[in-house]
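Numbering of the sequence shown is given in the numbering used here, commencing with residue 2 and proceeding in unit increments.
Inspection log for the structure reproduced underneath, given as C-alpha cells.
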Amino acid sequence: MEAPGAISLQLGVNALCALKLRLPLGLPTPSSDPPGGGETYLSRAWTTSPSVPGRVVASVRRLHQLRATMQWAGSMMSRLRSCLQALPSALRRSLSSAQDVLRRTPLYDFHLAHGGKMVAFAGWNLPVQYRDSHVDSHLHTRRHCSLFDVSHMLQTKIFGHDRVKLMESLVVGDIAELKPNQGTLSLFTNEAGGILDDLIVTNTSEGHLYVVSNAGCWEKDLTLMQVSSTAWHRGRAAPGEGPTAAQVLQAGVADDLRKLPFMTSAVMEVFGVSGCRVTRCGYTGEDGVEISVLAAEAVRLATALLENPEVKLAGLAARDSLRLEAGLCLYGNDIDEHTTPVEGSLSWTLGKRRRAAMDFPGASVIVPQLKGKVQRRRVGLMCEGAPVRAHDPILSTEGTVLGAVTSGCPSPCLRKNVAMGYVPYEYSRPGTLLLVEVRRKQQMAMVSKMPFVPTNYYTLK
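Right under this line is the structure:
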C-alpha cells in the first residue's frame with residue numbers, strides 16, 4: 002500500500018519504464034480550470050488497488066523538473082545494473098521475478114469469488130473464463146448480455162487549449178471534427194507508417210479528450226504523449242455487451258440511453274454510483290456500453306449489474322472469439338508497428354482532411370498506398386478441417402507460402418473455423434481459394450469478407 006499523500010507512478014519514458022517514483026500531491030486536479038495560453042496537460046487513469054489515494058494532474062510546465070529527476074534516476078539504474086550483474090544468479094532470478102508480479106484490477110477478488118480462472122495478460126491477472134464454458138459465455142453474449150472487466154486498459158485525460166493539436170500530431174484520425182461526447186477509433190503511427198497502437202479518442206463536453214488505449218502498450222503510448230502523467234484511479238467494470246446490454250443498464254440510469262448512439266459517451270450516475278463515464282462501444286460487434294468508474298466503486302457497480310438475470314460474467318476467451326467473429330484486430334497479433342493502416346485494412350480510420358493535409362506520422366508512406374496496390378493485405382478466412390491458429394502458414398493452391406495466420410479459432414456462432422491473416426494483394430479478393438497448413442497438413446480456406454458475424458451497433462434512426 003502506498004503511503005498517504007503520495008502516488009506511485011510508473012513513467013513510460015526512456016529507461017524508467019519499470020521504475021516507481023513517488024510524487025507529492027499538490028498539483029492541479031482535473032476539477033480545476035485547465036491552464037490557458039496554449040498549454041496542454043494530461044492525467045493518466047492507472048488502475049490499482051482502490052485503497053490508493055488521490056488524483057493528480059501534472060502540467061507540461063513541470064516536465065523539465067521531472068526530466069532532471071529521470072536523468073538522475075537513469076544514472077542510478079545504470080549503477081544498479083552493474084551491481085545486479087555481480088549478484089549470484091539465483092538472487093538475480095529472484096529479483097527479476099519480483100519485478101514481474103502481475104497487476105490486479107479492482108475486480109480481482111470479485112472474479113475469484115465468482116469462479117474466475119485467472120491468467121496473465123499484458124502484465125495483468127485477468128479471468129480467462131468462469132464456471133461456464135468459453136462457448137457458453139460466447140453465445141450468451143450474442144443472445145443476451147455479458148459483463149467483462151477491462152480495467153487493465155489505459156485511460157488518459159488530455160486537457161488544455163492545444164489538446165486536439167497534440168493528439169492529431171500522433172494519430173491518423175480527424176479529432177478536430179468530433180462533436181462533443183463523440184469518439185472515434187484511431188491509430189498511433191510512426192514515420193514509417195507502422196501502427197504503434199490502436200485507441201479510442203473521445204472529445205468530451207467537459208473540455209478534455211478521453212483516450213483509451215491498450216494495456217500492453219501503455220509505456221509506448223505515454224512516451225508518445227510526452228508528458229509526465231500520474232494516477233487518476235479508475236476501473237472499468239464493463240463493457241456490458243450483447244443485445245440486451247442497454248436494457249440492463251437503462252434500469253440503473255436516469256438518462257435516456259436511446260439518445261446515446263454508437264461511439265458517443267456521457268457522464269452519469271449508474272446504479273447509485275455518480276461520475277461514471279458511459280460510452281456506447283465495445284469489442285464484440287454487439288451493442289454495448291463501457292463504464293469508467295472510480296476503482297473503489299467497481300465491485301459495487303459490477304455486483305448491481307450482475308443482479309439482472311440477463312447478465313453473466315465473461316472472460317478473455319470469449320472476448321477473443323467474439324472480436325474475431327466481428328473482424329476486429331488484436332494489437333500485437335493482427336496489427337503492429339510493421340503494419341500500415343492500409344495493409345491492415347484500416348484505411349477507414351484515416352480522416353479525409355488528414356489525408357489531404359498529410360500531417361500525421363507516416364503520411365508520406367500511408368497516403369500513396371491508398372491510391373495504389375500494397376504488397377499485402379489483412380483478410381478474413383473461412384477454413385475447413387482442424388481449427389486454425391496464429392502463425393499457421395497460408396499457401397496458394399499450388400502450395401507456395403503466401404503469408405501467415407494472425408488470429409484464428411472455431412466460430413461458436415457459425416460452427417466453422419474463422420481466421421485472419423496477411424496475403425499478397427492479388428490474393429486478397431473475397432472468394433479466392435487458398436490453403437492453410439495446420440500441423441503439417443494442408444486444408445482448404447477461402448478469403449471472406451469481414452465481419453464474419455454481422456455487427457449490431459446501435460445508431461440513431
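Think of the CB as a built atom: it goes at the ideal place given N, C-alpha and C, for glycine as much as any other residue.
Handout entry: Euclidean distance between Cα positions of P310 and A246
Key = Residue mapping note: residue 310 aligns to position 309 of the sequence shown, counting from 1. Residue mapping note: residue 246 aligns to position 245 of the sequence shown, counting from 1. Between P310 and A246, the alpha-carbon positions lie close to 12 Å from each other.
Exercise for the section: Just the C-alpha distance for P369 and A357, rounded to the nearest angstrom, thanks. Expected result: Walking along the sequence shown from the start, residue 369 turns up at place 368. Walking along the sequence shown from the start, residue 357 turns up at place 356. Roughly 11 Å separates the two Cα atoms.
Handout entry: Short Cβ contact (7 Å threshold) for A327 with C384
Key = Locating residue 327 in the sequence shown gives position 326, where the first residue counts as 1. Locating residue 384 in the sequence shown gives position 383, where the first residue counts as 1. Taking a C-beta distance under 7 Å as the contact criterion, A327 and C384 do not qualify as a contact pair.
Exercise for the section: Could you name each continuous alpha helix (DSSP H) segment of 4 residues or more that falls completely within the stretch 293-336, going from the start of the chain to the end? Expected result: Annotation: the stretch 293-336 contains the following complete segments of the alpha helix (DSSP H) (minimum length 4 residues), in chain order: 299-307, 317-326.
Practice task
Please state if the CB of E287 and the CB of E242 are separated by a distance shorter than 7 Å.
Solution key: Locating residue 242 in the sequence shown gives position 241, where the first residue counts as 1. Locating residue 287 in the sequence shown gives position 286, where the first residue counts as 1. Taking the C-beta atoms as reference points, E287 is found nearer than 7 Å to E242.
Handout entry: Sequence-distant residues of its chain with Cβ nearer than 8 Å to L306 (five each side left out)
Key = Position 305 of the sequence shown, counting from 1, holds the residue named residue 306. L148, A238, A239, G241, V249, L250, G253, F272, V312.
Problem - Same chain, Cβ closer than 8 Å to P342, neighbours up to 5 away in sequence not counted - result: Counting from one through the sequence shown, the residue named residue 342 turns up at place 341. V173, L188, T190, G194, I196, S348, T350, L351, I367, listed in sequence order.
Handout entry: Through-space distance from R441 to Y284, alpha-carbon basis
Key = For the purposes of this step, residue 284 is identified with residue 283 of the sequence shown, where counting begins at 1. For the purposes of this step, residue 441 is identified with residue 440 of the sequence shown, where counting begins at 1. Whole-angstrom Cα-Cα distance: 33 Å.
Problem - Residue from P181, G161, F453, L258 with nearest C-alpha to V290 - result: Stepping through the sequence shown from its first residue, residue 290 is reached at position 289. Closest by alpha carbon: L258.
Handout entry: Own chain residues within Cβ distance below 6 Å of K450, not counting five before or after
Key = In the sequence shown, the residue the question calls residue 450 occupies position 449. Excluding residues up to 5 positions away in sequence, P431 lie with their Cβ nearer than 6 Å to the Cβ of K450 in the same chain.
Problem - Local Cβ density within 10 Å of K158, reported as buried at 16 or more and exposed below that - result: Here residue 158 refers to the residue found at position 157 of the sequence shown. So K158 counts as buried.
Handout entry: Residue environment, R1, which counts as buried when at least 16 other CB atoms sit within 10 Å
Key = There is simply no residue 1 to check, as the chain begins at 2 and stops at 462 in what is shown.
Problem - Alpha-carbon spacing of C277 relative to G184, whole angstroms - result: On the sequence shown, residue 277 is found 276 positions in, with the first residue counted as 1. On the sequence shown, residue 184 is found 183 positions in, with the first residue counted as 1. Going by the C-alpha atoms only, they are around 16 Å apart.
Problem - Pairwise C-alpha distance: N126 and A99 - result: Here residue 99 refers to the residue found at position 98 of the sequence shown. Here residue 126 refers to the residue found at position 125 of the sequence shown. For A99, the pLDDT reaches just 39, beneath the cut-off of 50, and the residue's location in the model is therefore unreliable, although a value from the coordinates is still provided. In this model, A99 and N126 are separated by some 15 Å (Cα to Cα).
Exercise for the section: Name the one or two DSSP bridge partners that W349 has. Expected result: In the sequence shown, counting from the first residue as 1, residue 349 sits at position 348. In DSSP, W349 forms no bridge with anything.
Exercise for the section: Determine, using beta carbons only, whether L403 and V380 come nearer to each other than 7 Å. Expected result: Translated into the one-based positions of the sequence shown, residue 403 becomes position 402. Translated into the one-based positions of the sequence shown, residue 380 becomes position 379. No, the pair does not count as a contact, with Cβ atoms beyond the cut-off.
Exercise for the section: Using the Cα positions of L398 and Y332, report the straight-line distance between them to the nearest angstrom. Expected result: Looking up residue 398 in the sequence shown gives position 397. Looking up residue 332 in the sequence shown gives position 331. First, the residue type needs correcting, since residue 398 is Thr and not Leu in the sequence shown. Approximately 29 Å between the Cα atoms of the pair.
Handout entry: Short Cβ contact (7 Å threshold) for T142 with A315
Key = On the sequence shown, position 141 is the one that residue 142 refers to. On the sequence shown, position 314 is the one that residue 315 refers to. The answer is yes: Cβ separation under 7 Å.
Problem - Length of the line joining the Cα atoms of A446 and S322 - result: Mapped onto the sequence shown, residue 446 falls at position 445. Mapped onto the sequence shown, residue 322 falls at position 321. Going by the C-alpha atoms only, they are around 19 Å apart.
Handout entry: Secondary structure of F122, DSSP reduced to three states
Key = Counting from one through the sequence shown, the residue named residue 122 turns up at place 121. Look at F122 here: in three-state DSSP terms it is strand.
Problem - Whole-angstrom C-beta distance between P107 and M119, which should lie under 8 Å - result: By 1-based counting over the sequence shown, the position of residue 119 is 118. By 1-based counting over the sequence shown, the position of residue 107 is 106. About 14 Å separates the CB atoms of M119 and P107; that is not less than 8 Å, and the two are not in contact.
Practice task
Can you grab the Cα-Cα spacing for the pair L155 / G400, in whole Å?
Solution key: One-based indexing of the sequence shown puts residue 155 at position 154. One-based indexing of the sequence shown puts residue 400 at position 399. Distance between L155 and G400, taken at the CA atoms: about 43 Å.
Practice task
Determine the closest residue to C282 out of V268, V294, M264, with distance taken between C-alpha atoms.
Solution key: Within the sequence shown, the letter at position 281 stands for residue 282. The alpha carbon of C282 has as its nearest neighbour, out of V268, V294, M264, the alpha carbon of M264.
Problem - The beta strand (DSSP E) enclosing F160, as first and last residue numbers - result: For the purposes of this step, residue 160 is identified with residue 159 of the sequence shown, where counting begins at 1. Boundaries of the beta strand (DSSP E) harbouring F160: 155-161, taken from the DSSP string.
Practice task
For A479, write down the residues that DSSP places opposite it in a beta bridge.
Solution key: Residue coverage of the chain in this structure runs from 2 to 462, which leaves residue 479 outside it and unanswerable.
Exercise for the section: State yes or no: is the C-beta of P388 within less than 7 Å of the C-beta of P413? Expected result: As a working mapping, residue 388 is identified with position 387 in the sequence shown. As a working mapping, residue 413 is identified with position 412 in the sequence shown. Taking 7 Å as the Cβ cut-off, P388 and P413 do not qualify as a contacting pair.
Problem - Candidates L140, N204, L436, D198, of which the one nearest R164 by Cα - result: Position 163 of the sequence shown, counting from 1, holds the residue named residue 164. Comparing Cα positions, the closest option is N204.
Problem - Check whether V279 and I292 have beta carbons under 7 Å apart - result: On the sequence shown, residue 279 is found 278 positions in, with the first residue counted as 1. On the sequence shown, residue 292 is found 291 positions in, with the first residue counted as 1. By the CB criterion at 7 Å, V279 and I292 fall inside the cutoff.
Handout entry: Reference L325; option with closest CA among G373, R390, K372
Key = Within the sequence shown, the letter at position 324 stands for residue 325. Considering only alpha carbons, the answer is R390.
Problem - D198 - DSSP class collapsed to helix/strand/coil - result: Counting from one through the sequence shown, the residue named residue 198 turns up at place 197. DSSP places D198 within a strand segment (E or B) once states are collapsed to three.
Exercise for the section: Taking 7 Å as the cut-off, decide whether the C-beta atoms of G124 and R104 are in contact. Expected result: In the sequence shown, the residue the question calls residue 124 occupies position 123. In the sequence shown, the residue the question calls residue 104 occupies position 103. Contact flag set, yes.
Handout entry: Nonlocal neighbours in the same chain, by C-beta distance under 6 Å from G409, ignoring five residues either side
Key = Along the sequence shown, one-based indexing puts residue 409 at 408. Only V389, R390, A420 meet the Cβ criterion.
Handout entry: Cβ neighbour criterion (16 or more within 10 Å) applied to R132
Key = As a working note, residue 132 is residue 131 in the sequence shown. Result: exposed.
Practice task
Specify, as a first and last residue, the run of the beta strand (DSSP E) that A446 falls within.
Solution key: Residue 446 sits at position 445 when you count from the first residue of the sequence shown. Start and end: 442-449.
Exercise for the section: Could you tell me which of E427, S429, L415, L382 sits nearest to T407, measuring between CA atoms? Expected result: Translated into positions along the sequence shown, residue 407 becomes position 406. When each option's Cα is compared against that of T407, the closest is L382.
Handout entry: Nearest-angstrom beta carbon gap, H153 and A255 [assumed within contact, 8 Å]
Key = Position 254 of the sequence shown, counting from 1, holds the residue named residue 255. Position 152 of the sequence shown, counting from 1, holds the residue named residue 153. Not a contact, Cβ separation roughly 30 Å.
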